[in-house]
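Written below as structure tokens is the structure these notes are about.
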Amino acid sequence: MKLPAEPLPQAPEWIAVDWGTTHLRATAMGPAGAIARAASTDGMGSLQPDQFEAALLALINPWLAAGRVTPVIACGMVGSRQGWAEAKYRPVPCMPAAPEALTRVAVKDPRISVQIAPGLSQASPADVMRGEETQIAGALALMPDFDGVICLPGTHSKWVHVSVGEVVSFQTFLTGELFALLSTQSVLRHSIAEAGFDAEAFDQALSDALSRPERIAAKLFSLRAEGLLAPAASPASAIAARSRLSGLLIGIELAASKPYWLGQPVTLIGAQALCDHYARALQAQGLNPTFLSASDCTLAGLSKLKGAL
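Positions in the sequence shown are counted from 1; adding 158 to them yields this note's numbering.
Written out as structure tokens, the structure reads:
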């Protein structure tokens, strides 16, 4: 899938790039903000180091002008060890965005200059993030006085303690990846619907996992057993199983991350549908989380980096 760039009346001031494992998203920026967007599936995971410049140019070429250098600031897995150029991690506690730590990439095309934002690291317990730090910087630009916890649900969900504009500590959970593996590659795949949501099934599984997280392996197999013992399989039961799986996995994540969210203001950053599940789970614990769009936060974070240069 590709959303190609269209020619603009004049070249953008700079280009913001969100470059993950499976996607490449570019935003042409003018004096007042975004003026055009383009995207492709040329993610880091499908490219060799010598293919990144060509992939970027294939997407943004209509925005570039001869005789003019357009700055490009990128974040995400493009800066990983397997990416275009490794942007070293910065240890916490620290500010989420550091313009002085941007990594400049050597390019052949004279119409662009490219810099990549570094990720963040934590020594104990060992943890890393890459891309989320830019979203956190954007969230703090949108909420300048925020002190509390930012949760970024996703393939690798992150809970981040933020205070006085700094990332103090964070913890990553494999919740999204576990859900994908269990629902598509384990024995549970025979019982799990591809889509759909059953609120009651989710709520019950969430409660079970929070109250007895040590029983997670047994509870997971029960999803398969229930499917086998039911009088007849139905789409509704498969949707309920999918929702219970989600509730169980989010439940054990909340049980483990309780030191982060208990008694704290929480902001969720991510896709609306997934954040809705986390918001429902947190509301059941008496919290009232706020929500920010991941794309809005990414763009605000990259803009903060550009504005400080």
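Glycine residues also receive a C-beta, built at the ideal position from the N, C-alpha and C atoms.
Beta-carbon gap between Val326 and Pro251 smaller than 8 Å: Translated into positions along the sequence shown, residue 326 becomes position 168. Translated into positions along the sequence shown, residue 251 becomes position 93. Cβ atoms of Val326 and Pro251: closer than 8 Å.
One or two residues paired with Pro229 in a DSSP bridge: Working through the sequence shown from its first residue, we reach residue 229 at position 71. In the DSSP assignment, the residues bridged to Pro229 are Ser271.
Find out if the Cβ-Cβ distance for the pair Ile173, Trp221 is shorter than 8 Å. As a first step, residue 173 must be located in the sequence shown, where it is residue number 15. As a first step, residue 221 must be located in the sequence shown, where it is residue number 63. Yes; because the gap between Cβ atoms is below 8 Å, this pair is in contact.
Taking the CB atoms as reference points, tell me whether Trp419 and Leu445 lie closer together than 8 Å. Here residue 419 refers to the residue found at position 261 when the sequence shown is read from its first residue. Here residue 445 refers to the residue found at position 287 when the sequence shown is read from its first residue. In this structure, Trp419 places its C-beta atom within 8 Å of the C-beta atom of Leu445.
Stretch pair the segment 202-209 + the segment 246-263: three plus CB contacts closer than 8 Å: The count of Cβ pairs closer than 8 Å, one atom from the segment 202-209 and one from the segment 246-263, stays below three, leaving the stretches out of contact.
Any chance the segment 420-432 sits against the segment 380-387, with 3 or more Cβ pairs inside 8 Å? Contact annotation: the segment 420-432 does not touch the segment 380-387, with fewer than three C-beta pairs closer than 8 Å.
Minimum Cβ-Cβ distance from Pro311 to chain D less than 8 Å: Annotation note: the requested chain D is absent from the structure, which comprises a single protein chain.
Beta-carbon proximity of Thr292 to Thr456, cut-off 8 Å: As a position in the sequence shown, residue 292 is number 134, starting the count at 1. As a position in the sequence shown, residue 456 is number 298, starting the count at 1. In this structure, the beta-carbon distance from Thr292 to Thr456 falls below 8 Å.
His314, DSSP secondary structure in three states: Here residue 314 is taken as the residue at index 156 of the sequence shown, counted from 1. Secondary structure of His314 (DSSP, three-state): coil.
Same chain, Cβ closer than 7 Å to Gln422, five either side skipped, listed in chain order: Within the sequence shown, numbered from 1, the residue matching residue 422 stands at position 264. If the five residues before and after Gln422 are omitted, its C-beta is found closer than 7 Å to the C-beta atoms of Gly306, Val307, all from its own chain and listed in chain order.
What runs of the beta strand (DSSP E), each 3 residues or longer, lie entirely inside the segment 397-466? Qualifying beta strand (DSSP E) stretches, in chain order: 424-428, 448-451.
Within its chain, find whatever has a CB closer than 7 Å to the CB of Glu164; leave out the 5 residues flanking it on each side and keep chain order. As a position in the sequence shown, residue 164 is number 6, starting the count at 1. Beyond the five residues adjoining it in sequence on each side, Glu164 comes within less than 7 Å, by CB distance, of Ala194, Pro220 in the same chain, given in chain order.
Spatial distance of Arg239 from Asp267 (CA atoms): For the purposes of this step, residue 239 is taken as residue 81 along the sequence shown, with counting starting at 1. For the purposes of this step, residue 267 is taken as residue 109 along the sequence shown, with counting starting at 1. If I take the Cα positions, the gap works out to 23 Å.
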